[in-house]
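Going by the working numbering, the sequence shown opens with residue 145, and the numbers climb by one from there.
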Amino acid sequence: MEGTQSPLFVLTVMDLEARIKQLAEAQLTNPAHFVVDVVLSLRRSPKKITVVLDGDQGISVEDCAELNRTLSVALDNEDVMEDSYLLEVTSPGLDQPLKLVRQYKKNVGRRVRVRSATGTIEGTLQGVTNQGIVLETGKTKDKTIKEIPFTEIQKTIVLVTFN
145 MEGTQSPLFV LTVMDLEARI KQLAEAQLTN PAHFVVDVVL SLRRSPKKIT
195 VVLDGDQGIS VEDCAELNRT LSVALDNEDV MEDSYLLEVT SPGLDQPLKL
245 VRQYKKNVGR RVRVRSATGT IEGTLQGVTN QGIVLETGKT KDKTIKEIPF
295 TEIQKTIVLV TFN
């Protein structure tokens with residue numbers, strides 16, 4: 145069937161992404177840095193590996209460049225990719241949803257938009273547990289605290305606010 149992938153191909157891509165993430169994490173020298181995601185684009189030439197890097201206090205261009213250098217050497221030494229590839233190490237963009245508990249924790253105190261099966265809600269992220277988040281919604285007089293389990297969250301975006 146055209147346009148579909150076999151389960152074997154998907155499994156192989158998932159294993160490859162997991163291995164690259166493992167190698168990337170092994171290259172990190174700052175414990176405040178963490179790998180959010182690894183995305184492979186294997187349909188074009190050269191193949192592309194995108195590693196999304198974040199940090200508890202943010203991430204700099206220099207941090208991304210350093211991981212790019214060390215990960216490139218590790219990927220070549222392990223011969224992870226059969227063909228030539230392009231490696232990109234980047235930080236999550238403002239429009240990228242939060243994926244890890246660690247990302248939620250670093251954004252406590254910021255305004256977020258949370259989409260769940262029951263709707264969308266905006267508020268200030270007040271706290272994070274391993275099970276979910278605590279969100280303060282409403283205006284000064286009508287503030288409400290709402291606990292949202294991660295199992296109900298489809299997408300959370302940090303809102304940019306200007307004072």
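Glycine included, each C-beta is placed from N, C-alpha and C at the ideal position.
Taking 9 Å as the cut-off, the Cβ atoms of Ala176 and Gly199 count as close. Under DSSP, the beta-bridge partners assigned to Pro293 are Gly276.
Membership of Leu242 in any beta strand (DSSP E) is not indicated, and neither H nor E is assigned to it by DSSP. Nearest to Ser260 by C-alpha distance, out of Glu291, Arg246, Arg254, Val245, is Glu291. Between the region 253-267 and the region 277-286, the count of Cβ pairs shorter than 8 Å is three or higher; the stretches touch. Around the beta carbon of Leu242, 16 or more other beta carbons sit within 10 angstroms, so the residue counts as buried. DSSP lists Phe178 as the bridge partner or partners of Asp198. Of all alpha-carbon atoms in Gln298, Pro190, Thr288, Gly202, the one lying nearest the alpha-carbon of Arg246 is that of Gly202. Here Ser260 is bridged, per DSSP, to Gly263, Ile297.
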